[in-house]
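Since the structure comes first, as structure tokens, the remarks are kept for the end.
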Amino acid sequence: MSTLAKYVEDPNFCAWALGDTSLDSYWEKYLIENKDEQENIDSAKAFVQKVEVKEPEFSAQRENELWAKIESNVVTPPKEVKLTTNWWRYGAAVIVLGLVIAFYYRNFVPSHHTEIADRGVMKNIVLPDGSTVDLNSDSKISYSRQNWNEGRYLDLQGEAFFNVEKGNIFQVSTELGSVTVLGTSFNIYARNKKWIISCYTGKVLVADRNGKEIILSKGDEAEYVNNNFVHIDHYNQEPAWKKGVFNYENANLEIVFEEIQKQFDVRVIYKNSSISNMKFTGTITTSSLKTSLEVIAKTMGINYKINNKEVEVSL
Numbered sequence: 001m002s003t004l005a006k007y008v009e010d011p012n013f014c015a016w017a018l019g020d021t022s023l024d025s026y027w028e029k030y031l032i033e034n035k036d037e038q039e040n041i042d043s044a045k046a047f048v049q050k051v052e053v054k055e056p057e058f059s060a061q062r063e064n065e066l067w068a069k070i071e072s073n074v075v076t077p078p079k080e081v082k083l084t085t086n087w088w089r090y091g092a093a094v095i096v097l098g099l100v101i102a103f104y105y106r107n108f109v110p111s112h113h114t115e116i117a118d119r120g121v122m123k124n125i126v127l128p129d130g131s132t133v134d135l136n137s138d139s140k141i142s143y144s145r146q147n148w149n150e151g152r153y154l155d156l157q158g159e160a161f162f163n164v165e166k167g168n169i170f171q172v173s174t175e176l177g178s179v180t181v182l183g184t185s186f187n188i189y190a191r192n193k194k195w196i197i198s199c200y201t202g203k204v205l206v207a208d209r210n211g212k213e214i215i216l217s218k219g220d221e222a223e224y225v226n227n228n229f230v231h232i233d234h235y236n237q238e239p240a241w242k243k244g245v246f247n248y249e250n251a252n253l254e255i256v257f258e259e260i261q262k263q264f265d266v267r268v269i270y271k272n273s274s275i276s277n278m279k280f281t282g283t284i285t286t287s288s289l290k291t292s293l294e295v296i297a298k299t300m301g302i303n304y305k306i307n308n309k310e311v312e313v314s315l
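Here the sequence shown is numbered in the UniProt record's numbering, starting from 1 and rising by one per residue.
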């Protein structure tokens, strides 16, 4: 895939290039972390805007803007209209208005909806059927609103907690596989080739890309390791991350610092590369960056320094 195609075929990028300002912070941060991509980004934006790509995904903000644009062209008729020989003009105006709305809906209102929780932000989303999704930081979901009643299908990148209303099929697809339910609550962690599914109520059917399946009930958790599901019991009422708590047992500090980067929107710089492989057992919270770093520093015997959006760690 060419560099240009990588962006042009990204629904988020197309929506942003076409004016969805709710995605500004995501792409601004992306450019800060990938400064050498500036020229490619500019070229891809110009291409998308030139060919007027129909947005495959969009946010609530973008939808409101589009309908506001439609409504701004609508003139409210007077409450009383005398019947005259010009009555046909009002009928024609109504027909034209209907055509305008249909045109805007067909050409500018896309079929897919995207919700993003930026770094440092947790986001609650209510789906069309009343089901809810809690997105952890640096995560996103997308789904079709037009076909929602036919089948509730979503794509997830990152981590999210789902509380599903009963109804027809509800399926969440991730990079490594899918989770299917009829009405339950569950959590999915899907980052960096790691996939963990935790069931809190009801049952879920988990399937990998090769068709291997496992059914989880309340209190069950499965981690996907070496193309197999490893079953684990859990005794929580909801994921700890929803309370801003992250527990680790013998975890590489690199993993811990990755979560800190997401939750506090900072960049961790290692002054000693060996720090990333040190094993950490303990708990951090999202209440304070400094408090979390103090816990790690005292537990692991390392030093840290906060400099605006950067955190330097050293031995």
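Beta carbons: idealized from backbone N, C-alpha and C, even for Gly.
query, result
"DSSP three-state assignment for Ser139, whether helix, strand or coil", "strand"
"Per DSSP, the bridge partner or partners of Asn307", "Glu310"
"Rounded distance between the beta-carbons of Val164 and Thr180, thought under 8 Å", "Not a contact, Cβ separation roughly 10 Å."
"Cβ-based burial, Ala17 [other Cβ within 10 Å; buried from 16]", "buried"
"Unbroken alpha helix (DSSP H) run spanning Ala17, endpoints", "11-17"
"Per-residue burial, Thr281 [other beta carbons within 10 Å of its own, 16 or more giving buried]", "exposed"
"Residue interval of the alpha helix (DSSP H) (run including Tyr30)", "24-33"
"Anticipated Cβ contact below 8 Å, Lys271 with Glu312, distance rounded", "6 Å"
"Alpha carbon of Asn40 to alpha carbon of Leu205, nearest angstrom", "41 Å"
"Ala222 burial status per 10 Å Cβ neighbour count (16 or more: buried)", "buried"
"Ile32 classed as buried or exposed, judged by whether at least 16 other C-beta atoms fall within 10 angstroms", "exposed"
"Short Cβ contact (8 Å threshold) for Asn187 with Pro239", "yes"
"Other residues of its chain near Trp27: CB distance less than 7 Å, five sequence neighbours each side excluded", "Trp16"
"Close beta carbons around Asp220, own chain, < 6 Å, minus the five adjacent residues each side", "Cys199"
"Beta-carbon spacing of Ile116, Leu23 below 8 Å", "yes"
"For Ile284 and Leu253, believed in contact at Cβ under 8 Å, the rounded distance", "Contact flag wrong, Cβ pair sits at about 11 Å."
"Residue environment, Ile169, which counts as buried when at least 16 other CB atoms sit within 10 Å", "exposed"
"Residue closest to Asn136, alpha-carbon to alpha-carbon, out of Trp148, Glu259, Gly130", "Glu259"
"Thr291 versus Val256 - alpha carbon distance", "14 Å"
"Segments assigned beta strand (DSSP E), at least 3 residues, entirely inside the region 113-157", "123-126, 132-135, 139-144"
"8 Å contact criterion, which Ser139 and Ala160 should meet: CB distance rounded", "6 Å"
"Selection from Val230, Ser178, Ser217, Ser43 that minimises the alpha carbon distance to Asn210", "Ser178"
"Bounding residues of the beta strand (DSSP E) (the contiguous stretch that carries Ile188)", "185-191"
"Exposure of Cys21, with buried meaning 16 or more beta-carbon neighbours within 10 Å", "The sequence given here places Thr at residue 21; Cys does not occur at that position. Exposed, because fewer than 16 other Cβ atoms sit within 10 Å of the Cβ of Thr21."
"Between the CA atoms of Asp134 and Lys123 - distance to the nearest angstrom", "6 Å"
"Where Val48 sits in the DSSP three-state scheme", "helix"
"Local Cβ density within 10 Å of Thr299, reported as buried at 16 or more and exposed below that", "exposed"
"Alpha-carbon to alpha-carbon, Ser217 and Pro196", "First, the amino acid is wrong: residue 196 is Ile here, not Pro. In a straight line, the C-alpha of Ile196 is about 14 Å away from that of Ser217."
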